[in-house]
Every structure is written in C-alpha cells, then in structure tokens.
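Below is one structure; the comments refer to it alone.
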Amino acid sequence: MSAANRGVVYKGPGQVDVESIPYPELALGKRKCDHGVILKVVTTNICGSDQHMVRGRTTAPSGLVLGHEITGLVIEAGRDVEFIKPGDLVSVPFNIACGRCRNCKEGKTGICLNVNPARPGAAYGYVDMGGWVGGQTEYVMVPYADFNLLKFPDADQAMEKIRDLTLLSDIFPTGFHGCVTAGVGPGSTVYIAGAGPVGLAAAVSAHLLGAACVIVGDMIEERLAQARSFGCETLDLTQDGDMADRIEAILGEREVDAFVDCVGFEAHACGCNHGKEAPATVLNSAMSLTRAGGQIGIPGLYVTEDPGAADEAARQGALSMRFGLGWAKSHSFHTGQCPVMAYHRPLMQAILFDKVNIADAVNVQMITLDEAPQGYADFDGGAAKKFVIDPHGSVAA
Numbered sequence: 008m009s010a011a012n013r014g015v016v017y018k019g020p021g022q023v024d025v026e027s028i029p030y031p032e033l034a035l036g037k038r039k040c041d042h043g044v045i046l047k048v049v050t051t052n053i054c055g056s057d058q059h060m061v062r063g064r065t066t067a068p069s070g071l072v073l074g075h076e077i078t079g080l081v082i083e084a085g086r087d088v089e090f091i092k093p094g095d096l097v098s099v100p101f102n103i104a105c106g107r108c109r110n111c112k113e114g115k116t117g118i119c120l121n122v123n124p125a126r127p128g129a130a131y132g133y134v135d136m137g138g139w140v141g142g143q144t145e146y147v148m149v150p151y152a153d154f155n156l157l158k159f160p161d162a163d164q165a166m167e168k169i170r171d172l173t174l175l176s177d178i179f180p181t182g183f184h185g186c187v188t189a190g191v192g193p194g195s196t197v198y199i200a201g202a203g204p205v206g207l208a209a210a211v212s213a214h215l216l217g218a219a220c221v222i223v224g225d226m227i228e229e230r231l232a233q234a235r236s237f238g239c240e241t242l243d244l245t246q247d248g249d250m251a252d253r254i255e256a257i258l259g260e261r262e263v264d265a266f267v268d269c270v271g272f273e274a275h276a277c278g279c280n281h282g283k284e285a286p287a288t289v290l291n292s293a294m295s296l297t298r299a300g301g302q303i304g305i306p307g308l309y310v311t312e313d314p315g316a317a318d319e320a321a322r323q324g325a326l327s328m329r330f331g332l333g334w335a336k337s338h339s340f341h342t343g344q345c346p347v348m349a350y351h352r353p354l355m356q357a358i359l360f361d362k363v364n365i366a367d368a369v370n371v372q373m374i375t376l377d378e379a380p381q382g383y384a385d386f387d388g389g390a391a392k393k394f395v396i397d398p399h400g401s402v403a404a
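Residue numbering for the sequence shown follows my numbering, beginning at 8 and increasing consecutively.
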C-alpha cells in the first residue's frame, strides 16, 4: 500500500512545520521489518519533552519528525506478526522495545538493548533515541508489534474514551511510574513538582494509589487551578517563602512521604528568583522536603547534553546537587524512562471501568495536524492543556 503522508517536523529552535514526508514502509533500513505494522494515526499528543527539543535545549537535528505518543488503527501487518491484526485499535508505548534482550525480559523496556546503536533505550521521533520516525503524522511504522502494542478490547468503546486512552502511550504511565517509584500508597503525603501534563497525571495517579494529600507546585496559576480542580493542594512557586514552612501550613509537618519531580533539567529557582534557571533546584528541594527514608521519583527529563544551559557544567549534564543530604536521609532516587508496558494495561482498565478521568485532569484539547505548530507555541507559553493531534478528523467533537 502506498499513500501520501504528512508530519510535524522540527526545523530548528522555536520552529516546527507540517510537511509532506515519506509514507512508512515495513522496513528497517534496507531489510524488511516482518515483525512490524503500519498504523493510521488516530491521535498523537504533544509532550513536554518534545518542547525541550523545540526550544533548542537538545542536540536534535533539523528535519526530525516529531512525536512519540501514538494511538492508531492497524492497516498493514508484517508476515511475522501473529496476534495483532489489521483493524485493531492500539496504543503504542513511546518506548521501542525488542522483547528479546535481557532488559526487555526483565520488564525494563525503557532501556532495550537492541533498538538504538548509540545507547540503551529508544523512542519515536526523539533526539538520541535511535533515529526512529516520529508519530505526529498521518501514518507511522511500529516495529515488534506483537510485543509492543496494547490492543483495546472493543474499538467502538475505545473511540468513546479516546481522549483518555490516548494518554496511555506516555504521560499517564509516566506520571503513575513517578508515584510508584516514589513509594506512594494509601495514606501517603505527596509533593508533585510541576503542574504540566505529566505533573497533573502524577497527581491523578497519587490519588488513584490512595494518597491522603497531594500537593502540586508550579509557577503558572492556570496550571495550579487545574490541579485544584481534582482535589490537590497547590503552591505558587513565584511567591517568596520557605518551602518547608508552606508545606507545614498544609500538612502540619515540614516533610512529605513521597516526592515526584515532573520538571526536569529546565527547572527555575523559586520566589523572587523564579525567572532564573536553576537546573538542580527540584532535586535539591526533593532531598530537603522528603522525610528520612522516603523515596524520590524522577520522571522529569535530565539530559547528558544541554546546549542552552547557563553554565558549562550544566551543558554537560553535570548539576550542583547536595547529594550528601539525600545520603544522610537514606533517600532512594528513581530515574529514567517509564517502562510503559508495566502500567498501560491496568491503567487502560481503570479508564474503561470509569475509575479515573485522566483527560479532564490534564485538560485535553483536540487539534488538527495543521494546528500543531500553534499547539507547540501555546504549550510553550504555559497553557494548562494537553494538546492531542487528530490527523484524520477521527475523533468526534
């Protein structure tokens, strides 16, 4: 099958365009990809980690087709695909995983050893992640389909809940993973750093896991209001004041049980210095504000190279952390990509059985493929929305 295809392409710092791109083939370079499928993309989401590239804060090359949050309809399957069929509606984990290597067999699909010649782990449309074509497109190829894809049990039911289910490819599992690795459970007190889509997904996840109190900190009031809309306490980090004092005013204690960093390396200082970048500030706050013996989940992205950093050390990914404090308090730190397949099926069930309304919590806004550049601009401007691209007009208004 051959057809036209279009996608969102990174052109350089601050610029993305929608362009014609090649229609995908079941091929890996010059050899056939008999274990892959071609999808007609139903929804594909703009992610905060995409913004790091678009802002010029990575080494992403011009011409990269963006997008790693993909939900689609199978329209062609390779010869060796046994369990996924044309007509299946599926969620695509943003991690590309072979299912055969040591790490995949241990469930560590975020660091597959066979899909990226440069380093463990791969993703669609992302810098240094294997060169795979992204999915903010009309059509995309997905390898290792039987292993990677989550088939929705009823396509009609799934389309009714597609605004929620589209979030299974990344941010809902990522937020949930941040909470799991931070040790969130029934009765926990939790601090979520950042009220972007992943931070809001983490806050929802903390509630789903039984947290007693979830506090969300951010510098944009619209995002904080979104967190309050589903029962979170909030801290406006543009205001002066000791963080521990402000947490004590909410909890009656100066520390939380669990801390989740949903900000990453583009963090800013708090209070009167909130306009100044301070890439280690969230990590240092985590050690200060988490109780002794507590856990710190770090789904926020940290990079090995940041060409836009304010100092030479940060350009190499070297941050000024007070690590001795974390050691003294016996903290556990949990980093790295979320292994989406560890969570996407149970979170799908939570959505299908109406146990969680993740789309409302992160404020999903549907846009067309041609509206994607404006979606990137609005997201970068701090909009309290999760922009979901509908390339073919498949989703009912």
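For every residue, glycine included, the Cβ atom is placed at its ideal position computed from N, Cα and C.
Compute the distance between the beta-carbons of residue i and residue j, then report whether it is under 8 Å.
| i | j | result |
| --- | --- | --- |
| Cys269 | Gly206 | yes |
| His281 | Thr245 | yes |
| Ala287 | Leu326 | yes |
| Cys277 | Asp177 | no |
| Leu258 | Ser295 | no |
| Ala210 | Ile199 | yes |
| Leu71 | Gly132 | yes |
| Ile254 | Ile222 | yes |
| Thr144 | Pro380 | no |
| Val402 | Thr50 | yes |
| His351 | Thr188 | no |
| Tyr309 | Phe266 | no |
| Val23 | Tyr17 | yes |
| Lys39 | Leu46 | no |
| His230 | Ala84 | Strictly speaking, residue 230 in this sequence is Arg, with His absent from that position. No. |
| Gly79 | Ala152 | no |
| Arg170 | Val371 | yes |
| Ser56 | Leu175 | no |
| Leu35 | Pro204 | no |
| Lys115 | Pro346 | yes |
| Ser212 | Gly238 | no |
From which residue to which residue does the beta strand (DSSP E) around residue i run?
| i | result |
| --- | --- |
| Gln381 | Unbroken run through Gln381 is the alpha helix (DSSP H), Ala379 to Asp387; no beta strand (DSSP E). |
| His2 | For residue 2 there is no data in the structure shown, the boundaries of the chain being 8 and 404. |
| Phe394 | Lys393 to Ile396 |
| Gly333 | Where Gly333 is concerned, there is no enclosing beta strand (DSSP E), although the alpha helix (DSSP H) it sits in stretches over Phe330 to Ala335. |
| Asp21 | According to the sequence shown, residue 21 is Gly rather than Asp. Unbroken run through Gly21: none, as it is neither H nor E. |
| Gly206 | Gly206 -> not in any beta strand (DSSP E); alpha helix (DSSP H) instead, spanning Pro204 to Leu215. |
| Ile222 | Cys220 to Asp225 |
Against chain D, does residue i count as a neighbour if the rule is that its beta carbon must be under 8 Å from one of theirs?
| i | result |
| --- | --- |
| Gln233 | Checking the listed chains, one finds no chain D in this structure; it contains a single protein chain. |
Round the Cβ separation of residue i and residue j to the nearest angstrom and send it over; I've been treating them as touching at under 8 Å.
| i | j | result |
| --- | --- | --- |
| Ser292 | Met328 | Wrong, their Cβ atoms sit about 11 Å apart, outside the cutoff. |
| Pro306 | Gly190 | With 8 Å as the limit, Pro306 and Gly190 do not qualify as a contact, their Cβ atoms being about 14 Å apart. |
| Ala218 | Ser236 | With 8 Å as the limit, Ala218 and Ser236 do not qualify as a contact, their Cβ atoms being about 17 Å apart. |
| Gly128 | Gly117 | 5 Å |
| Glu76 | Asn52 | 4 Å |
| Asp7 | Arg62 | This structure does not reach residue 7, given that the chain is present from 8 up to 404, and the question cannot be answered. |
| Pro100 | Met373 | Their Cβ separation, rounded to whole angstroms, is 22 Å, which puts Pro100 and Met373 out of contact at 8 Å. |
| Ile365 | Phe179 | 5 Å |
| Cys105 | Val122 | 6 Å |
| Ile396 | Leu376 | 6 Å |
| Val5 | Val263 | Nothing can be reported for residue 5, as the shown portion of the chain is limited to 8 through 404. |
| Ser69 | Gly19 | 5 Å |
| Ala162 | Leu172 | In fact, because the Cβ distance is near 11 Å, the residues do not count as touching under 8 Å. |
| Ile82 | Leu156 | Not confirmed; about 13 Å, so no contact. |
Can you tell me where the alpha helix (DSSP H) holding residue i begins and where it ends?
| i | result |
| --- | --- |
| Phe179 | Ile178 to Thr188 |
| Lys112 | Arg109 to Lys112 |
| Ala366 | Ile365 to Val369 |
| Glu319 | Glu319 to Arg322 |
| Met355 | His351 to Leu359 |
How would you label residue i, buried or exposed, when you count the other beta carbons within 10 angstroms and need 16 or more for buried?
| i | result |
| --- | --- |
| Phe360 | exposed |
| Thr66 | exposed |
| Thr311 | exposed |
| Phe74 | Just to set this straight, residue 74 is Gly in the shown sequence, not Phe. Looking at its Cβ environment, which holds 16 or more other Cβ atoms inside 10 Å, Gly74 is buried. |
| Pro93 | exposed |
| Ser337 | exposed |
| Lys393 | buried |
| Ala299 | exposed |
| Ala202 | buried |
| Ala11 | exposed |
| Gly248 | exposed |
| Gln356 | exposed |
| Ala335 | exposed |
| Ala320 | exposed |
| Glu240 | buried |
| Ala317 | exposed |
| Gln323 | exposed |
### Query
In chain order, which beta strand (DSSP E) runs of at least 3 residues are fully inside the stretch 229-310?
Correct list: 240-243, 263-268 and 297-304.
### Message
Could you tell me which whole alpha helix (DSSP H) segments of length 4 or greater appear in the stretch 76-115?
### Response
Listed in chain order, the complete alpha helix (DSSP H) runs (minimum 4 residues) inside the stretch 76-115 are 109-112.
### Task
Counting only runs of 3+ residues fully inside the stretch 121-200, write out the beta strand (DSSP E) ranges in chain order.
As far as the stretch 121-200 is concerned, its whole beta strand (DSSP E) runs of at least 3 residues are 146-149 and 196-200.
### Query
Mind pulling the alpha helix (DSSP H) runs of 4 or more residues that sit fully within the stretch 41-82?
With a minimum length of 4 residues, the continuous alpha helix (DSSP H) runs that stay inside the stretch 41-82 are 55-61.
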